[in-house]
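Asks: So in this note's numbering, spot 173 of the sequence shown is number 1108, and the numbers just go up one at a time. Quick reminder that beta carbons are idealized off the backbone N, C-alpha and C, glycines included. Keep in mind the model is a prediction, meaning the values are calculated, not measured. Dumping the structure here so I can ask a few things about it.
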Amino acid sequence: MIDTVAVPLEGREYDVRIGQGLLGRAGAEIAPLLARPRVAIVSDETVAAKHLATLQAALRAESIDSVAMTLPAGEGTKSWPFLGQTVEWLLEQKVERRDVVIALGGGVIGDLVGFAAAVLRRGVRFVQIPTSLLAQVDSSVGGKTGINTAQGKNLVGSFHQPSRVLADIDVLDTLTPRDFRAGMGEVVKYGMLGDADFFEWLEQNAARVIDGDAEARQYAVRRSVEMKAEIVLRDETEQGDRALLNLGHTFCHALEKATGYGDRLLHGEGVAIGCALAFDLSARLGLCPQEDPSRVRALLAEADMCRDLKAIPGELPDAEALLDLMGQDKKVIDGQLRFILARRIGAAFVTSDVPREAVLDLLTEQLSQR
Ligand code: GLY
């Protein structure tokens, strides 16, 4: 069974299709969007080795020609040089204004190719085929595209909504257990920020999701996408509510900076730790029930996910330095640190009213447990 989550943004509406075997029927899914039977695919080397042949065969089955380019895997690809290479390749392939570009890969490819599509001929349509859990539940939906620069992550980009998203649950089987668990950081985030029932469902079913139960995985992806779509509809360009999606991210971004955006800490692992810390902070400030941080940690433990600074290998800076790194977050406004805190599980809110000392105390305590 394929689920459909509609994203009815006026004039830019699209469907997110979620289910097993979608890659193998990508031709039928994409054909209705095409003005002529030809697409350009951009992927990375790791994903292409696993999935490109299946995608191209599915397109051929619907008489759709495809050309494909593969880029190196990894965050370094989300950069000016590879953006230039992608745009020029698309021009060389004579991609026209009415054509469709396909992004086959995780968050890096989705963001880069989405941005290339946004600037190519002042905007061509693109289809996201997200192959990581993180990309399926977060980055492929909502139209944030862009690249990193020397000054920071995601500082250059545009809002450019995809024309369709195909989230094939089967491709998740090809992820490493660590990558899958990291993606779960973004899944549990949705329960924590806005849906206590989904949080409870995860308390009962996280182990099934981790163990590969396709039905449980499909429900977890669908519910996450529904929540993301609801928030994007309310606030496409992040003037307000969309910031709720950054629960855990103020801590996460500082930790990612401190660990060099690499293998020591994957983004989703940082999100999971950041969510636990956001609930600690909320409880310390008397904003949420005192038992909520333990419930959050119990769920993360059930899924064998990271939940404290002690999960991060190697040296970390001290609490003051971590707080400074938070101050460099791009979501800082007028020098004020913004946090997403919670009134309870399933009820997050944005605030700049967080005493520096409370954050320092929490970080100092966490660091002392390492
Ligand atoms: N990943 C956060 C957002 O799309 O707003």
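Report yes if the C-beta of Gly1175 is less than 7 Å from at least one heavy atom of ligand 1; otherwise report no.
Replies: no
Asks: Looking only at its chain, what residues have a beta carbon closer than 7 Å to the beta carbon of Phe1133, apart from the 5 residues adjacent to it on each side?
Replies: Tyr1125, Gly1126 and Arg1158
Asks: Kindly provide the ranges of any beta strand (DSSP E) runs that are 3 or more residues long and lie completely inside the stretch 1017-1042, ordered along the chain.
Replies: 1035-1040
Asks: If contacts are defined as beta-carbon pairs under 8 Å, then Ala1141 and Glu1237 qualify, I think. What distance do you get, rounded to the angstrom?
Replies: 5 Å
Asks: Using the Cα positions of Met1240 and Gly1147, report the straight-line distance between them to the nearest angstrom.
Replies: When rounded, the distance between both Cα atoms is 16 Å.
Asks: Considering only the alpha carbon of each residue, which of Val1294, Thr1084, Glu1161 and Ala1070 lies closest to Thr939?
Replies: Glu1161
Asks: Counting pairs of Cβ atoms below 8 Å between the stretch 1020-1030 and the stretch 978-998, do you hit three or more?
Replies: Pairwise C-beta distances place the stretch 1020-1030 out of contact with the stretch 978-998, as fewer than three of them are shorter than 8 Å.
Asks: By alpha-carbon positions, which one of Gln1139, Gly1092, Thr1111 and Ala1131 ends up nearest to Thr1172?
Replies: Nearest option by C-alpha distance: Gly1092.
Asks: Measuring from the CB of Ser1307, is there a heavy atom of ligand 1 at a distance below 7 Å?
Replies: Nothing can be reported for residue 1307, as the shown portion of the chain is limited to 936 through 1305.
Asks: Expressed to the nearest angstrom, what Euclidean distance is found between the alpha-carbon atoms of Ile1082 and Val977?
Replies: 15 Å
Asks: Assess contact between the stretch 1212-1225 and the stretch 1246-1265, defined as three or more Cβ pairs (one per stretch) separated by less than 8 Å. Is contact present?
Replies: no
Asks: For Glu1165 and Glu1226, I'd like the C-alpha separation in whole angstroms.
Replies: The straight-line gap from Cα to Cα measures roughly 28 Å.
Asks: Would Leu1295 and Leu1258 be called neighbours here (beta carbons separated by less than 8 Å)?
Replies: yes
Asks: Taking only runs of the alpha helix (DSSP H) that begin and end inside the stretch 1079-1138, which ones reach a length of at least 4 residues, in chain order?
Replies: 1112-1129
Asks: Let me confirm a value: Gly946 is counted as buried when at least 16 other C-beta atoms fall within 10 Å, else exposed. Which label applies?
Replies: exposed
Asks: At a cut-off of 7 Å, would you count Gly1077 as near ligand 1, judging by its Cβ distance to the nearest heavy atom?
Replies: yes
Asks: Which same chain residues, not among the five before or five after Thr1084, have their C-beta less than 8 Å away from its C-beta?
Replies: Ser1014, Trp1015, Leu1090 and Val1091
Asks: Look at Ser1287 and Arg1273 and say whether their C-beta atoms are less than 8 Å apart.
Replies: Going by beta carbons, Ser1287 and Arg1273 fall inside the 8 Å limit.
Asks: Does DSSP classify Asp1000 as helix, strand or coil?
Replies: strand
Asks: Would you please state the rounded distance, in angstroms, between the beta carbons of Lys985 and Thr1111? I believe it to be under 8 Å.
Replies: About 12 Å; that fails the 8 Å criterion.
Asks: For Ile1166, which three-state DSSP category applies?
Replies: Of the three classes helix, strand and coil, the one that applies to Ile1166 here is helix, per DSSP.
Asks: Name, in chain order, the residues that DSSP records as bridge partners for Phe1274.
Replies: Thr1286
Asks: Would you kindly report the start and end of the unbroken beta strand (DSSP E) that includes Gly954?
Replies: Per DSSP, the unbroken beta strand (DSSP E) holding Gly954 starts and ends at Tyr949 to Gly954.
Asks: Which one or two residues does DSSP pair with Phe1061 in a beta bridge?
Replies: Val1036
Asks: Between the C-alpha atoms of Ala1282 and Leu1180, what's the straight-line distance to the nearest angstrom?
Replies: 12 Å
Asks: Among Leu1260, Glu1010, Ala1003 and Arg1242, which residue has its Cα nearest to the Cα of Glu1027?
Replies: Ala1003
Asks: Can you tell which of Cys1223, Val1100 and Leu1220 has its C-alpha closest to the C-alpha of Gly1077?
Replies: Val1100
Asks: What does the alpha-carbon distance come out to for the pair Leu969 and Glu1191?
Replies: 40 Å
Asks: With distances taken Cα to Cα, identify the nearest neighbour of Leu957 among Met936, Pro967, Leu1234 and Ile999.
Replies: Considering only alpha carbons, the answer is Met936.
Asks: Going by DSSP, what residue range makes up the beta strand (DSSP E) through Asp1215?
Replies: Unbroken run through Asp1215 is the alpha helix (DSSP H), His1202 to Arg1219; no beta strand (DSSP E).
Asks: Roughly how many angstroms lie between the CA atoms of Asp1000 and Asp1103, to the nearest whole one?
Replies: 21 Å
Asks: Taking all protein chains shown into account, do 16 or more other C-beta atoms lie within 10 angstroms of the C-beta of Thr1012, making it buried, or fewer, making it exposed?
Replies: buried
Asks: Report yes if the CB atom of Arg1143 is closer than 8 Å to the CB atom of Ala1131, and no otherwise.
Replies: Not in contact: Arg1143 and Ala1131 (Cβ atoms no closer than 8 Å).
Asks: How far does the alpha helix (DSSP H) with Ile965 in it reach, from first residue to last?
Replies: Ala961 to Ile965
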